[in-house]
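Novice: Throughout the sequence shown, residue numbering follows UniProt numbering, covering 1 to 118 in sequence.
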Amino acid sequence: MHTSEQAMPTISWQHFEQTDIRVGTIVEATEFPEARKPAYKLLIDLGPMGMKRSSAQITKHYTLNDLPGKQVLCVTNLGNKQIGKYMSEVLVTGFADENGDIVLAQPAGPVPNGSKLI
């Protein structure tokens, strides 16, 4: 894991463009008791890309009631990841706080679901 003190290798602009980061709105959040680390199951509306599922370890800063309606940034082209019996389809992004707990990455204002980070 890289920290802010460690420089990441330089990548090309074309390499960055291959990462598909889109905004979506969380429409449903449920408990994920089978997860090894505390997490929620999320259903995210990505507009033209449809509804996608994700698992997110965000239980320290968010309750299940906090999440529906929040827009989040998702990496959509990493492929599916099996997490126990759950298939995560997108990676919800965030930042670790001083305790290592995740704070969601969100747009500063509302944007259409499915909008690509540019």
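Just so it is clear, CB atoms sit at the ideal spot from N, CA and C, and this is done for glycine as well.
Which residue or residues does DSSP assign as beta-bridge partners of A108?
Specialist: Partner(s): none; A108 has no beta bridge.
Novice: Which partner residues of Y62 appear in the DSSP bridge assignment?
Specialist: Partner(s): none; Y62 has no beta bridge.
Novice: Let me know if I26 comes out buried or exposed under the rule of 16 or more other beta-carbons within 10 Å of its beta-carbon.
Specialist: buried
Novice: Using the rule of at least 16 other Cβ atoms within 10 Å of the residue's Cβ for burial, across every protein chain shown, is G96 buried or exposed?
Specialist: Position check: residue 96 holds Ala in this sequence, whereas Gly was assumed. Per the 10 Å Cβ criterion, exposed.
Novice: When you compare the stretch 10-18 with the stretch 52-67, are there three or more beta-carbon pairs, one atom per stretch, that lie closer than 8 Å?
Specialist: no
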